[in-house]
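Student:
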Amino acid sequence: MTLRKAVPARAKDAPPGKKRTREAKKPPPYLYGPIPDDTFGTKDDPRDPHGPQAPNLIPTVRFDYLVNNPDLYTAAATLPGPSPVGRRPHFPPVVYLIYLCSISVFGSARSTASHFQHEDWWEPVRSAIRTHLGDEAADGLKPTGPTRSNWNHYFRRYLKPAHDKIREISSDLWIEQALAHGMLCDNDKRTSRVRPARHQVLHGDATVAKPPSGHSEHETVDERTGEIRRHRVDEDAGVTVEGGGKLVYGNKFLSTAVRLANTPHSRVILALEAIRHKSLEEDPERESEGVALVEMVKHILTRVPSTKAVTYDAALRGRHRAPLIAKGLVVFTPQHEGVTPQSLLRHKDGTCAHDLYVAEARVCERHITVDGKTHYTPLPVEELEQRKGEKARFYHRITINCPVKTHTLRIRCDETDEDRQIDPKTKRQRFNRTEHLRQVPPSTPAGRRLKGFRQDSESIHSRFDQSYPHKRVPAYGARGALLIYLGYAWVNNSITRSLNAISS
Numbered sequence: 000m001t002l003r004k005a006v007p008a009r010a011k012d013a014p015p016g017k018k019r020t021r022e023a024k025k026p027p028p029y030l031y032g033p034i035p036d037d038t039f040g041t042k043d044d045p046r047d048p049h050g051p052q053a054p055n056l057i058p059t060v061r062f063d064y065l066v067n068n069p070d071l072y073t074a075a076a077t078l079p080g081p082s083p084v085g086r087r088p089h090f091p092p093v094v095y096l097i098y099l100c101s102i103s104v105f106g107s108a109r110s111t112a113s114h115f116q117h118e119d120w121w122e123p124v125r126s127a128i129r130t131h132l133g134d135e136a137a138d139g140l141k142p143t144g145p146t147r148s149n150w151n152h153y154f155r156r157y158l159k160p161a162h163d164k165i166r167e168i169s170s171d172l173w174i175e176q177a178l179a180h181g182m183l184c185d186n187d188k189r190t191s192r193v194r195p196a197r198h199q200v201l202h203g204d205a206t207v208a209k210p211p212s213g214h215s216e217h218e219t220v221d222e223r224t225g226e227i228r229r230h231r232v233d234e235d236a237g238v239t240v241e242g243g244g245k246l247v248y249g250n251k252f253l254s255t256a257v258r259l260a261n262t263p264h265s266r267v268i269l270a271l272e273a274i275r276h277k278s279l280e281e282d283p284e285r286e287s288e289g290v291a292l293v294e295m296v297k298h299i300l301t302r303v304p305s306t307k308a309v310t311y312d313a314a315l316r317g318r319h320r321a322p323l324i325a326k327g328l329v330v331f332t333p334q335h336e337g338v339t340p341q342s343l344l345r346h347k348d349g350t351c352a353h354d355l356y357v358a359e360a361r362v363c364e365r366h367i368t369v370d371g372k373t374h375y376t377p378l379p380v381e382e383l384e385q386r387k388g389e390k391a392r393f394y395h396r397i398t399i400n401c402p403v404k405t406h407t408l409r410i411r412c413d414e415t416d417e418d419r420q421i422d423p424k425t426k427r428q429r430f431n432r433t434e435h436l437r438q439v440p441p442s443t444p445a446g447r448r449l450k451g452f453r454q455d456s457e458s459i460h461s462r463f464d465q466s467y468p469h470k471r472v473p474a475y476g477a478r479g480a481l482l483i484y485l486g487y488a489w490v491n492n493s494i495t496r497s498l499n500a501i502s503s
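Under this note's numbering, think of the first position of the sequence shown as 0, with each following residue one higher.
1) Tell me the start and end of each unbroken alpha helix (DSSP H) in the stretch 291 to 339 that is at least 4 residues and wholly inside, in chain order.
2) Alpha carbon to alpha carbon, how far is I97 from P69? Give it in angstroms, no decimals.
3) Closest to R448 by C-alpha separation, out of A260, T73 and A127, would be which residue?
4) If I'm right that E288 touches L253 with Cβ under 8 Å, what's the distance once you round it to whole angstroms?
5) Enumerated in chain order, which unbroken segments of the beta strand (DSSP E) with a length of 3 residues or greater are wholly contained in the stretch 108 to 169?
6) Please state the DSSP three-state secondary structure of A252.
7) By DSSP's criteria, A352 is part of a beta bridge. Which residues make up the other side?
8) For D37, count neighbouring Cβ atoms within 10 angstroms of its own Cβ and tell me buried if that reaches 16, exposed if not.
9) V490 and L65 - do their beta-carbons sit closer together than 8 Å?
10) Among the residues of its own chain, which have a CB less than 6 Å from the CB of Y157, if the five just before and after it don't count?
11) Looking only at its own chain, which residues have a Cβ that is under 6 Å from the Cβ of G317, when we skip the five neighbours before and after it?
12) Can you give the beta carbon distance from Y487 to P211, rounded, assuming they're within the 8 Å contact cut?
13) Measuring alpha carbon to alpha carbon, tell me which residue in A76, G249 and C412 is nearest L343.
14) Helix, strand or coil for S458 per DSSP?
15) At 3 residues or longer, what runs of the beta strand (DSSP E) sit wholly inside the stretch 398 to 467?
16) Just checking my contact of V403 with C363 at CB under 8 Å: how many whole Å lie between their CB atoms?
17) Below 8 Å between beta carbons: does that hold for Y375 and G32?
18) Can you say whether E280 is buried or exposed, counting buried as having 16 or more other CB atoms within 10 angstroms of its CB?
19) Residues in its own chain within less than 6 Å of N250 by CB, not counting five upstream and five downstream?
20) Do you know offhand how far D354's Cα is from D418's?
21) Compute the Euclidean distance between the alpha carbons of A257 and D422, then round it to the nearest angstrom.
22) Please classify S278: does DSSP put it in a helix, a strand, or coil?
23) So for L383, helix, strand or coil by DSSP?
24) Tell me D37's beta-bridge partners as DSSP assigns them.
25) Please tell me whether G144 and Q116 are closer than 8 Å, where the distance is taken between their beta carbons.
26) Is the CB-CB distance between R453 and T310 below 8 Å?
27) Taking the C-alpha atoms as reference points, what is the distance between A500 and H264?
28) Skipping 5 residues on each side, what residues in its chain have a beta carbon closer than 6 Å to that of D44?
29) Between which two residues does the beta strand (DSSP E) harbouring C540 extend?
30) Which residues bound the beta strand (DSSP E) around G479?
31) Assign R258 to one of three DSSP states: helix, strand, or coil.
32) Check for me: the beta strand (DSSP E) holding A205 runs from which residue to which?
33) Rounded to a whole number of angstroms, what is the C-alpha to C-alpha distance between S169 and S458?
34) Do you know how far the Cα of D119 is from the Cα of L315?
35) Report yes if the C-beta distance between H230 and A270 is below 8 Å; otherwise report no.
In structure tokens, the structure reads:
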């Protein structure tokens with residue numbers, strides 16, 4: 000049997016602003032055997048074919064899909080009407096919701112106002128309102144659309160205070176849309192737990208949205224002239240370290256989505272949330288990334304219990320995966336850097352004794368070589384088994400090819416009662432099983448397939464950033480920026496609705 004050295008942790012990234020250089024990788028203090036062929040696949044398994052390239056859609060087409068989405072008018076019905084006191088809005092709430100979404104088509108509120116003053120863009124809005132709300136609503140509209148002043152008033156006075164309500168109703172409508180497209184539900188095609196169908200897998204990711212101003216101080220002093228310059232600052236924004244060690248200033252948002260396999264323009268964004276990127280003392284109202292994702296997925300499960308799996312990045316740790324696994328989900332994330340092999344148990348059967356460890360996210364047998372080095376042999380997993388109940392349990396049914404006999408045993412890969420006990424010596428949980436042992440190890444063909452699903456979330460945020468000049472979201476504050484993101488999601492989901500079959 001040929002041996003390979005375990006893949007070491009990645010070298011630390013260079014400081015921001017400097018060219019990243021490759022540092023010499025320190026090899027781990029152990030050897031790691033070859034990955035066996037098992038239920039997670041073989042080295043000869045063909046990869047899933049690439050789907051067709053998505054055709055480019057011009058702004059006119061995207062705008063037409065948006066204003067003709069019937070769900071948009073259902074969501075607008077929950078927005079607050081005019082206040083009995085103070086300045087009254089010049090247009091009904093549905094017009095301002097269309098305006099909000101159109102910012103992600105035209106790039107800014109200023110550009111949207113300019114387009115809505117032109118008949119070629121305002122008439123489709125009037126026509127769509129006539130179709131979905133009737134002649135009376137359409138005839139009551141003004142000859143041209145809202146000005147930027149009209150928009151700023153409604154956005155500040157009505158939309159921001161109602162942002163929780165509109166976000167919740169939007170998420171519920173998006174989940175219903177996904178179900179109508181045949182996503183997140185069982186179908187006639189038989190799939191395994193380790194290879195769920197593409198449309199049965201949630202993928203999520205977080206992004207940092209840059210505010211219109213990159214300044215973090217209200218006043219700066221020109222060192223040469225002494226001039227004091229005043230700047231507008233986003234009070235909710237902060238510095239976040241993204242993947243690769245890149246420092247980004249802005250507000251952090253979380254989203255989950257699902258899509259059909261090999262089908263362009265089929266992604267449905269299901270939920271959005273603003274998450275904490277500062278200390279708990281500075282931002283006590285919002286949840287951390289992992290906690291927010293768990294709550295988001297649990298909410299989706301209440302509506303769609305047939306969801307099979309969730310994919311995310313390494314920010315989702317063992318303590319976050321455990322409650323989702325207990326809900327019956329296969330939760331896939333890459334292995335976090337710095338995780339070391341952990342002792343699992345000693346299996347005894349007659350005269351046989353085998354020391355089992357968890358190394359590189361799977362169960363291995365530990366050996367000591369003739370030169371005194373530690374060697375971990377990955378054990379083949381025959382099946383990922385599930386036991387349903389109030390809390391789901393998952394097992395790896397593994398085999399140990401011993402010279403005496405072949406041993407078969409089941410290893411829990413979800414959190415057990417014994418794992419939760421506090422060690423009196425270390426004052427910590429005895430074994431963080433879901434941190435070390437994965438349902439689907441990342442270094443397997445099945446793991447690489449699920450990793451590809453997660454990377455689809457990167458394109459959501461890439462397109463989101465590219466929708467605005469200089470990749471800066473045109474709104475200050477976490478609530479304002481989240482509303483802009485909500486408008487972007489409506490545009491995305493409207494395109495999906497128009498280009499894919501939907502069942503009633």
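All residues carry an ideal CB built from backbone N, CA and C; glycine is no exception.
Tutor: Working from what's here:
1) Within the stretch 291 to 339, the complete alpha helix (DSSP H) runs of at least 4 residues fall at 317 to 325.
2) Looking up residue 69 in the sequence shown gives position 70. Looking up residue 97 in the sequence shown gives position 98. The C-alpha of P69 lies about 12 Å from the C-alpha of I97.
3) Position 449 of the sequence shown, counted from the first residue, corresponds to residue 448. Minimum Cα distance to R448 is reached at A260.
4) The residue you call residue 288 lines up with position 289 of the sequence shown. The residue you call residue 253 lines up with position 254 of the sequence shown. At roughly 6 Å, the Cβ-Cβ gap stays under 8 Å, so E288 and L253 are in contact.
5) Counting only runs of 3 or more, we get nothing.
6) Locating residue 252 in the sequence shown gives position 253, where the first residue counts as 1. Reading off the sequence, residue 252 comes out as Phe, not Ala. F252: strand per DSSP, three-state reduction.
7) Within the sequence shown, numbered from 1, the residue matching residue 352 stands at position 353. Paired residue(s): K347.
8) Working through the sequence shown from its first residue, we reach residue 37 at position 38. Per the 10 Å Cβ criterion, buried.
9) One-based indexing of the sequence shown puts residue 65 at position 66. One-based indexing of the sequence shown puts residue 490 at position 491. Contact: yes.
10) To locate residue 157, count along the sequence shown from 1; it is residue 158. Closer than 6 Å at Cβ, skipping near neighbours: P79.
11) Taking the sequence shown and counting its residues from 1, one reaches residue 317 at position 318. Excluding sequence neighbours, G317 sits near N431, T433 and E434.
12) Start at 1 with the first residue of the sequence shown, and residue 487 comes out as number 488. Start at 1 with the first residue of the sequence shown, and residue 211 comes out as number 212. With a Cβ gap of about 16 Å, Y487 and P211 do not count as contacting.
13) By 1-based counting over the sequence shown, the position of residue 343 is 344. Across the set A76, G249 and C412, the C-alpha of C412 shows the shortest separation from the C-alpha of L343.
14) Locating residue 458 in the sequence shown gives position 459, counting from the first residue. In the three-state scheme derived from DSSP, where H, G and I count as helix and E and B as strand, S458 is classed as helix.
15) Here the runs fully enclosed are 405 to 411.
16) In the sequence shown, residue 403 corresponds to position 404, counting from 1. In the sequence shown, residue 363 corresponds to position 364, counting from 1. Not a contact, Cβ separation roughly 19 Å.
17) Taking the first residue of the sequence shown as position 1, residue 375 is located at position 376. Taking the first residue of the sequence shown as position 1, residue 32 is located at position 33. In this structure, the beta-carbon distance from Y375 to G32 falls below 8 Å.
18) Counting from 1 along the sequence shown, the entry for residue 280 is found at position 281. Classification of E280: exposed, given that the 10 Å Cβ count is below 16.
19) Counting from one through the sequence shown, the residue named residue 250 turns up at place 251. In the same chain as N250, and ignoring 5 residues on each side of it, the C-beta atoms closer than 6 Å to its own belong to A208, D235, A236, A477 and A480, in chain order.
20) Mapped onto the sequence shown, residue 354 falls at position 355. Mapped onto the sequence shown, residue 418 falls at position 419. It is roughly 19 Å from the alpha-carbon of D354 to the alpha-carbon of D418.
21) As a first step, residue 257 must be located in the sequence shown, where it is residue number 258. As a first step, residue 422 must be located in the sequence shown, where it is residue number 423. With the sequence shown as reference, residue 257 is identified as Val, and Ala is not the correct amino acid for it. Counting only the Cα atoms, D422 lies some 40 Å from V257.
22) Here residue 278 is taken as the residue at index 279 of the sequence shown, counted from 1. Reduced to three states, the DSSP call for S278 is coil.
23) Residue numbering aside, residue 383 sits at position 384 when the sequence shown is read from its first letter. The three-state secondary structure of L383, taken from DSSP, is strand.
24) Working through the sequence shown from its first residue, we reach residue 37 at position 38. Answer is G40, bridged to D37.
25) Within the sequence shown, residue 144 is the residue found at index 145, counting from 1. Within the sequence shown, residue 116 is the residue found at index 117, counting from 1. With contacts defined by Cβ atoms closer than 8 Å, G144 and Q116 form a contacting pair.
26) As a first step, residue 453 is located in the sequence shown; it is residue number 454 there, counting from the start. As a first step, residue 310 is located in the sequence shown; it is residue number 311 there, counting from the start. Taking 8 Å as the cut-off, the Cβ atoms of R453 and T310 count as close.
27) Counting from 1 along the sequence shown, the entry for residue 500 is found at position 501. Counting from 1 along the sequence shown, the entry for residue 264 is found at position 265. So the alpha carbons of these two residues sit roughly 12 Å apart.
28) Position 45 of the sequence shown, counted from the start, is the residue given in the question as residue 44. Around D44: P444.
29) Absent from the structure is residue 540, since the part of the chain shown begins at 0 and ends at 503.
30) In the sequence shown, the residue the question calls residue 479 occupies position 480. G479: not part of any beta strand (DSSP E); member of the alpha helix (DSSP H) spanning A477 to L498, first to last residue.
31) Looking up residue 258 in the sequence shown gives position 259. The answer is coil: DSSP assigns R258 none of H, G, I, E or B.
32) Residue mapping note: residue 205 aligns to position 206 of the sequence shown, counting from 1. That run of the beta strand (DSSP E) goes V200 to A208.
33) Position 170 of the sequence shown holds residue 169. Position 459 of the sequence shown holds residue 458. Cα to Cα, S169 sits roughly 21 Å from S458.
34) Position 316 of the sequence shown, counted from the start, is the residue given in the question as residue 315. Position 120 of the sequence shown, counted from the start, is the residue given in the question as residue 119. If you take the alpha carbons of L315 and D119, they lie about 47 Å apart.
35) Counting from 1 along the sequence shown, the entry for residue 230 is found at position 231. Counting from 1 along the sequence shown, the entry for residue 270 is found at position 271. No, Cβ-Cβ distance for H230 and A270 is not below 8 Å.
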